[in-house]
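Comments concern the structure below.
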Amino acid sequence: MEEMNRTVRQATANQAAPKEVVMQRTLNWFVISLLIASIGAGIGNQLSPELYFPLLLTEIILLVAAFIVRANKSAPKVLGYPILIAFAFVSGLTIGPVLTHYFAIGAGNAVLMAFATTTVSFIAFAVIGAKVKKDLQAMGKILLIALIVLVVVTLFGMFIPLTSGTSTIISGAGALLFSLYIVYDFNQMMKRTITLDDVPILALNLYLDFVNLFLYLLRLFAGRD
Numbered sequence: 000m001e002e003m004n005r006t007v008r009q010a011t012a013n014q015a016a017p018k019e020v021v022m023q024r025t026l027n028w029f030v031i032s033l034l035i036a037s038i039g040a041g042i043g044n045q046l047s048p049e050l051y052f053p054l055l056l057t058e059i060i061l062l063v064a065a066f067i068v069r070a071n072k073s074a075p076k077v078l079g080y081p082i083l084i085a086f087a088f089v090s091g092l093t094i095g096p097v098l099t100h101y102f103a104i105g106a107g108n109a110v111l112m113a114f115a116t117t118t119v120s121f122i123a124f125a126v127i128g129a130k131v132k133k134d135l136q137a138m139g140k141i142l143l144i145a146l147i148v149l150v151v152v153t154l155f156g157m158f159i160p161l162t163s164g165t166s167t168i169i170s171g172a173g174a175l176l177f178s179l180y181i182v183y184d185f186n187q188m189m190k191r192t193i194t195l196d197d198v199p200i201l202a203l204n205l206y207l208d209f210v211n212l213f214l215y216l217l218r219l220f221a222g223r224d
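Just so we're aligned, residue 0 is where the sequence shown starts under numbering that gives the first Met the number 0, counting upward by one.
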């Protein structure tokens, strides 16, 4: 009985947490996920290239698991935290070799420029999304369709070589898409009812926005070198 009462009190506390508290905790975990990814990137440089696709598959599985936990009301929401940590670490493992490649070909400045631009852009678009008065919920469907198209085109490009001009257009479109996702995600955090249970998936959304914007900007800047 005492355990049940404790569970009820905890659930009530999660529901009653002020939005500012939820937002701050989300941002804290977003930063933590970036730090974990940085550790993963450092380790990823030492791994065999044959592990890249298994790690990529693991990354996809963890991403699906995170959204399943969020959608399943009976699933313990605390599972979201280890999934977020694992996803950030594994994605860092896959990003590490990419960064090493760019440094190896003399595009180190592009990496630094992409990171700086991503950081400044993320903050700017976050402020815009949080401050805009209009509810941008309808934009979610458009962004999802654009994301699916981007993924399909990217997969297509893995099998059929693309021209440098086409690659630049795709990179620009990807950077624009995830810039809009930053605006959208912060807008929805302000407009929707969020609780502490939502923190892991919210932090994961922001992490995906940041990392993907960084990677697309990196391709753009490296293409200019």
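Cβ coordinates follow ideal geometry from the N, Cα and C atoms, glycine included.
Values in this document were obtained by computation on a predicted structure and should not be read as measured data.
Per-residue DSSP class, three states only, for residue i
i: residue 153; result: helix
i: residue 170; result: helix
i: residue 191; result: coil
i: residue 47; result: coil
Spatial distance of residue i from residue j (CA atoms)
i: residue 17; j: residue 141; result: 30 Å
i: residue 10; j: residue 20; result: Here residue 10 scores only 48 on pLDDT, less than 50, and its place in the model is too uncertain to base an answer on.
i: residue 169; j: residue 132; result: 31 Å
i: residue 127; j: residue 112; result: 22 Å
i: residue 225; j: residue 86; result: An answer regarding residue 225 cannot be provided, because it is not within the stretch 0 to 224 covered by the chain.
i: residue 65; j: residue 219; result: 30 Å
i: residue 97; j: residue 138; result: 31 Å
i: residue 89; j: residue 217; result: 20 Å
i: residue 80; j: residue 68; result: 11 Å
i: residue 122; j: residue 26; result: 11 Å
i: residue 177; j: residue 188; result: 16 Å
i: residue 110; j: residue 102; result: 8 Å
i: residue 22; j: residue 179; result: 19 Å
Endpoints, the alpha helix (DSSP H) within which residue i is located
i: residue 26; result: 18–43
Cβ-Cβ separation, residue j to residue i (assumed contact under 8 Å), whole Å
i: residue 225; j: residue 33; result: Residue 225 falls outside the range modelled here, since the chain spans only 0 to 224, and no answer is possible.
i: residue 43; j: residue 92; result: 4 Å
i: residue 117; j: residue 29; result: That belief does not hold up - the Cβ atoms of residue 117 and residue 29 are roughly 13 Å apart, past 8 Å.
i: residue 36; j: residue 84; result: Their Cβ separation, rounded to whole angstroms, is 10 Å, which puts residue 36 and residue 84 out of contact at 8 Å.
i: residue 135; j: residue 174; result: Going by Cβ atoms, the distance from residue 135 to residue 174 rounds to 19 Å, so no, they are not a contact pair.
i: residue 106; j: residue 202; result: That belief does not hold up - the Cβ atoms of residue 106 and residue 202 are roughly 30 Å apart, past 8 Å.
i: residue 129; j: residue 185; result: 5 Å
i: residue 124; j: residue 181; result: 4 Å
i: residue 24; j: residue 195; result: 7 Å
Min CB distance residue i to chain C below 8 Å
i: residue 119; result: Among the protein chains of the structure shown there is no chain C, as only one such chain exists.
Which runs of the alpha helix (DSSP H) fall wholly inside the segment 89–166 and span at least 4 residues, in chain order? 107–130, 138–158
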